[in-house]
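Chemist: Residue numbers (the UniProt record's numbering): 1 to 300. C-beta atoms are modelled at their ideal positions from N, C-alpha and C, and glycine is treated no differently. Have a look at this one before I ask anything.
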């Protein structure tokens, strides 16, 4: 099958922003989806417009025109949804089509539901440009809502690669080969939360930063850029919960902070442990925890 795939919006005509940025994340879905569809045997064309298409209509026209000119059998546009400024809970996934649903659209929705996203179903939206101007069956995949806390927690747990793999397999009715194309996904553009640990220790840090510096962080347990940007400098002589969190991470990474363990006191033993950690990570070894050291402490 000839499948045209597009990442929604571009950085001059950005999509929705909430707990994640739609334009950044839908590119990850798009890239992985193309790779997996190709590995299954489909002929796939990326119809995502370059940044020079800097108006909403030119951005949409580019993808539709390329898909139509190429003679695609199926058009997929990758997006994320947005309804509220903030939403505490799950809103889910949906797939938009021009009129009646078709097999691939139903399959894409089933793939997302199988991963745990709330199933909002396949919906008819005949006024949307991409759906009414393409000449082949077309769908817009709304992966989840950028502002919904539970949606984004699930999205981050799964990651765009696994989500795209499920969509490709459900659409095709075939499993992705164990070694799709003898290549590995490009990880150089992964976001910080994707390469950092998550869980209770991150929630503990986020709560403490909210308390100490009024950081206004979402306590979601993911160490992303927003959390890193609120981390403050901690050095010898400090005491309290931030020091204790640093000590817990050092201990988890097999560095000794002294016989008292994570006692919340930044003394010489903790400083020496930080210096050793910094040397091991090829950082400037001066025994002070700044943003670079925070980032390394929470790296997977």
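Rounding to the nearest angstrom, what Cα-Cα distance links residue 176 and residue 257 in this structure?
Modeler: Position 176 of the chain shown holds residue 176. Position 257 of the chain shown holds residue 257. The alpha-carbon atoms of residue 176 and residue 257 are separated by roughly 46 Å.
Chemist: By how many angstroms is the C-alpha of residue 296 removed from the C-alpha of residue 357?
Modeler: Residue 357 lies beyond the range of the chain shown here (1 to 300); nothing can be said about it.
Chemist: For residue 20, write down the residues that DSSP places opposite it in a beta bridge.
Modeler: Taking the first residue of the chain shown as 1, we reach residue 20 at position 20. According to DSSP, residue 20 bridges with nothing at all.
Chemist: Could you tell me if residue 108 is buried or exposed, where buried requires 16 or more neighbouring beta carbons within 10 angstroms of its beta carbon?
Modeler: As a working mapping, residue 108 is identified with position 108 in the chain shown. Buried: at least 16 other Cβ atoms inside 10 Å.
Chemist: Might you give, ordered along the chain, the residues of its own chain that have their beta carbon closer than 6 Å to the beta carbon of residue 280, omitting 5 neighbours on each side?
Modeler: Sequence index remark: in the chain shown, residue 280 carries index 280 (1-based). Answer for residue 280: no residue qualifies.
Chemist: First and last residue of the beta strand (DSSP E) that includes residue 5?
Modeler: One-based indexing of the chain shown puts residue 5 at position 5. First-last of the beta strand (DSSP E) with residue 5: 2-7.
Chemist: Which whole-angstrom value is the C-beta distance of residue 141 and residue 40, which I expect to be below 8 Å?
Modeler: For the purposes of this step, residue 141 is taken as the residue at position 141 of the chain shown. For the purposes of this step, residue 40 is taken as the residue at position 40 of the chain shown. The pair is not a contact, with the Cβ atoms about 17 Å apart (cut-off 8 Å).
Chemist: From the DSSP secondary-structure annotation, give me the bridge partner or partners of residue 123.
Modeler: Counted from its first residue, the chain shown places residue 123 at position 123. Looking at the DSSP assignment, residue 123 forms a beta bridge with 96.
Chemist: Can you tell me whether residue 172 is buried or exposed? The criterion is at least 16 other CB atoms within 10 Å of its CB, across all chains shown.
Modeler: Mapped onto the chain shown, residue 172 falls at position 172. With 16 or more Cβ atoms within 10 Å of its Cβ, residue 172 is classed as buried.
Chemist: Once DSSP output is grouped into helix, strand and coil, what is the label at residue 222?
Modeler: Sequence index remark: in the chain shown, residue 222 carries index 222 (1-based). Residue state, collapsed to three classes: strand.
Chemist: Considering only residues of the segment 49-118, which uninterrupted beta strand (DSSP E) runs meet the minimum length of 3 residues and lie entirely inside it, listed in chain order?
Modeler: Segments of the beta strand (DSSP E) lying fully in the segment 49-118: 74-81 and 93-97.
Chemist: Report yes if the C-beta distance between residue 158 and residue 96 is below 8 Å; otherwise report no.
Modeler: The sequence position of residue 158 within the chain shown is 158, counting from 1. The sequence position of residue 96 within the chain shown is 96, counting from 1. No, the pair does not count as a contact, with Cβ atoms beyond the cut-off.
Chemist: Which one or two residues does DSSP pair with residue 145 in a beta bridge?
Modeler: As a working note, residue 145 is residue 145 in the chain shown. Beta-bridge pairing links residue 145 to 81.
Chemist: Does the count of Cβ pairs from the segment 262-275 and the segment 206-214 closer than 8 Å reach three?
Modeler: Output reads no: the segment 206-214 does not touch the segment 262-275.
Chemist: Nearest to residue 132 by alpha carbon, out of 90, 149, 92 and 64?
Modeler: Counted from its first residue, the chain shown places residue 132 at position 132. Considering only alpha carbons, the answer is 64.
Chemist: Between which residues of its own chain and residue 90 is the CB-CB distance below 7 Å, once the five residues before and five after are set aside?
Modeler: To locate residue 90, count along the chain shown from 1; it is residue 90. Excluding sequence neighbours, residue 90 sits near 118, 148, 150 and 151.
Chemist: Hey, residue 80 and residue 15: beta-carbon distance below 8 Å or not?
Modeler: Residue numbering aside, residue 80 sits at position 80 when the chain shown is read from its first letter. Residue numbering aside, residue 15 sits at position 15 when the chain shown is read from its first letter. Yes. Within cutoff.
Chemist: Between which two residues does the beta strand (DSSP E) harbouring residue 289 extend?
Modeler: The residue labelled residue 289 in the question sits at position 289 within the chain shown. Unbroken run through residue 289: none, as it is neither H nor E.
Chemist: Have a look at 1, 135, 82 and 242 and flag the residue whose alpha-carbon is nearest the alpha-carbon of residue 38.
Modeler: As a first step, residue 38 is located in the chain shown; it is residue number 38 there, counting from the start. Of 1, 135, 82 and 242, the residue nearest in Cα terms is 1.
Chemist: Taking all protein chains shown into account, do 16 or more other C-beta atoms lie within 10 angstroms of the C-beta of residue 167, making it buried, or fewer, making it exposed?
Modeler: Counted from its first residue, the chain shown places residue 167 at position 167. Buried is the call here.
Chemist: What residues are listed by DSSP as bridge partners for residue 198?
Modeler: Taking the chain shown and counting its residues from 1, one reaches residue 198 at position 198. Residue 198 pairs with 222.
Chemist: Nearest to residue 292 by CA position, among 254, 253, 252 and 230, is which residue?
Modeler: Residue 292 sits at position 292 when you count from the first residue of the chain shown. Of 254, 253, 252 and 230, the residue nearest in Cα terms is 230.
Chemist: I'd like to know whether the C-beta atoms of residue 288 and residue 235 end up nearer to each other than 8 Å.
Modeler: Within the chain shown, the letter at position 288 stands for residue 288. Within the chain shown, the letter at position 235 stands for residue 235. Taking 8 Å as the Cβ cut-off, residue 288 and residue 235 qualify as a contacting pair.
Chemist: For residue 247, count the other beta carbons within 10 Å of its own beta carbon; 16 or more makes it buried, fewer makes it exposed. Which is it?
Modeler: Residue 247 sits at position 247 when you count from the first residue of the chain shown. Buried, because 16 or more other Cβ atoms sit within 10 Å of the Cβ of residue 247.
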